[in-house]
Amino acid sequence: MNKDSIYGLTLDQLTAWLMEYGHKKFRALQVWDWLYRKRVTDFSEMIDVNKECIQLLADHFAIQTLNEHLKQESADGTIKFLFNLKDGNLIETVLMRHKYGLSVCVTTQVGCNIGCSFCASGLLTKSRDLSSGEIVEQIMKVQLHLDQANQNEKVSHVVVMGIGEPFDNFKNTVDFLRVIIDHKGLAIGARHITVSTSGLPDKIMEFADIQMPVNLAVSLHAPNNELRTQIMKINRAYSIEKLMQAIDYYLEKTNRRITLSYILLKDLNDRREHALELANLIQDKRQLINVNLIPYNPVDELDQYQRSEHETVRAFYDTLKKQGISCSVRLEHGTDIDAACGQLRSKQIKENKQEQGSV
Ligand code: SF4
Numbered sequence: 001m002n003k004d005s006i007y008g009l010t011l012d013q014l015t016a017w018l019m020e021y022g023h024k025k026f027r028a029l030q031v032w033d034w035l036y037r038k039r040v041t042d043f044s045e046m047i048d049v050n051k052e053c054i055q056l057l058a059d060h061f062a063i064q065t066l067n068e069h070l071k072q073e074s075a076d077g078t079i080k081f082l083f084n085l086k087d088g089n090l091i092e093t094v095l096m097r098h099k100y101g102l103s104v105c106v107t108t109q110v111g112c113n114i115g116c117s118f119c120a121s122g123l124l125t126k127s128r129d130l131s132s133g134e135i136v137e138q139i140m141k142v143q144l145h146l147d148q149a150n151q152n153e154k155v156s157h158v159v160v161m162g163i164g165e166p167f168d169n170f171k172n173t174v175d176f177l178r179v180i181i182d183h184k185g186l187a188i189g190a191r192h193i194t195v196s197t198s199g200l201p202d203k204i205m206e207f208a209d210i211q212m213p214v215n216l217a218v219s220l221h222a223p224n225n226e227l228r229t230q231i232m233k234i235n236r237a238y239s240i241e242k243l244m245q246a247i248d249y250y251l252e253k254t255n256r257r258i259t260l261s262y263i264l265l266k267d268l269n270d271r272r273e274h275a276l277e278l279a280n281l282i283q284d285k286r287q288l289i290n291v292n293l294i295p296y297n298p299v300d301e302l303d304q305y306q307r308s309e310h311e312t313v314r315a316f317y318d319t320l321k322k323q324g325i326s327c328s329v330r331l332e333h334g335t336d337i338d339a340a341c342g343q344l345r346s347k348q349i350k351e352n353k354q355e356q357g358s359v
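For what it's worth, UniProt numbering labels the leading residue of the sequence shown as 1, then goes sequentially.
Structure, rendered in structure tokens:
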């Protein structure tokens, strides 16, 4: 029987579930502590939890549902994990080392339907959403890897920027966030977590309504509809105007800053006129917006795009700054491995297919 991951339950859900079976509230806290503080990988290791409770948990849930398929390590300390899900699908998770801590980038879907034309993940359409447990387990697997290295290191930051559109898997993403910020468990600071969306207006507003205190990044990538539609198919369904309305709603409701991500593609969206148009588009809300410029990571399969020259990135940045826009340039990690989102996974799937074809 394919059991659900125990990591999929928030502390409230675990408490309610155990109480339904006649267990006391404190049992849930004990189990939670064993899962997230002591980080056991088998229910039988929870030595102060009574046998009936252990059996009940083991009958209904699994702790380990992901298997490490491959691991690539970069000279800068970035580690890219490729995990096998129970159904055989592959997903990517990345650990990055920053001056300010250790950050993990998680995947929320198997493939992605948003179809950003620059993205390796978009080449493989979505086959399913990940459960909240599968998303949490990615963090746990990385944390266990760190625990085994015995250097007392802890995942301190999380970015929901891996394969998939998290707001197309809204409930599971929100449950995942609730689990990892729980102060009795992993206790990852909400302000150290960033969720990145391609910009689904209804979901941005729903996210504002639930007041989840994490950071939000929205992929803009172009300052006008014509160019954005060319880069991101999703713009056909949700124009920049609709997106900006949702952003206004979010800013008003939460009073939190938003990051607008802007991937720089050589000679396509990286000229001075684009920077000026972008500055103009967000001028009225610039106090609450930071633009994150992302140098494009070339992908073999997508040779229509090239990386902007360093000077062009600098000039784009300077133009925005002169217009009073707060902006930054994303630092790169793991450039000596398959660094672009979805690149390792798509390469592995291709290799698997070739192997199957050659049999
Ligand atoms: S960039 Fe993100 S949203 Fe766009 S296709 Fe890739 S995974 Fe999907």
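Note that CB positions come from ideal geometry on N, CA and C, so glycine has one too.
Kindly identify the DSSP beta-bridge partner or partners of residue i.
i	result
T262	Thr is not the amino acid found at residue 262; the sequence shown has Tyr there. Paired residues: L293.
I79	E73 and L95
S219	S261
R307	L265
T194	V159 and N215
S328	N292
residue 425	Given that the chain is displayed from residue 1 to residue 359, the structure contains no residue 425 and the question cannot be resolved.
N67	N84
For residue i, is the classification buried or exposed, using 16 other Cβ atoms within 10 angstroms of its Cβ as the cut-off for buried?
i	result
Y262	buried
P213	exposed
L331	exposed
G27	Reading off the sequence, residue 27 comes out as Arg, not Gly. Buried, because 16 or more other Cβ atoms sit within 10 Å of the Cβ of R27.
N297	buried
M19	exposed
T93	buried
N215	buried
A190	exposed
R37	exposed
K141	buried
G185	buried
N292	buried
G133	buried
D300	exposed
T125	exposed
L120	Checking the sequence, you will find Ala at residue 120 rather than Leu. Buried is the call here.
S131	buried
S328	exposed
Residues in the same chain with beta-carbon distance under 6 Å from residue i, minus the five sequence neighbours each way, listed in chain order, please.
i	result
S117	I231
H157	G101, S103 and H192
K24	none
L57	F43
L281	P223
E73	I79
V179	T10 and V136
R128	V110
A315	none
D182	L11
For residue i, which residues of its own chain have a beta-carbon under 7 Å away from its beta-carbon, when the five flanking residues on both sides are left out?
i	result
S358	Its pLDDT being 38, under 50, S358 is placed unreliably in this model, and the coordinates cannot settle the point.
H60	K3
T229	N235 and R236
Spatial neighbours of residue i within its chain, please: C-beta separation below 8 Å, excluding the five flanking residues on both sides.
i	result
E165	T108, Q109, C112, N113, I114, T197, S198 and L200
K285	I247, D248 and L251
I210	V174
G324	A279, Q283 and R286
Task: Start-end ranges of the alpha helix (DSSP H) lying completely within the region 85-165, minimum 4 residues - done: Counting only runs of 4 or more, we get 132-149.
Task: Length-filtered (4 minimum) alpha helix (DSSP H) runs lying within the region 230-290 - done: Listed in chain order, they are 240-254 and 272-282.
Open item on the list: Across the region 30-45 and the region 196-209, are there enough close Cβ pairs to call them in contact, namely three or more that are closer than 8 Å?
Closed with: As far as the Cβ criterion goes, the region 30-45 does not touch the region 196-209, which means the pair count is below three.
Task: At least 3 beta-carbon pairs within less than 8 Å: the region 269-276 vs the region 314-326 - done: The region 269-276 is in contact with the region 314-326.
Open item on the list: Taking contact to mean 3 or more Cβ pairs, one atom from each stretch, closer than 8 Å, check whether the region 47-55 and the region 64-73 are in contact.
Closed with: Contact fails: fewer than three Cβ-Cβ distances are below 8 Å.
Task: Inter-stretch contact (C-beta, 8 Å, three-pair minimum) for the region 236-244 and the region 299-307 - done: Too few Cβ pairs lie closer than 8 Å, so no.
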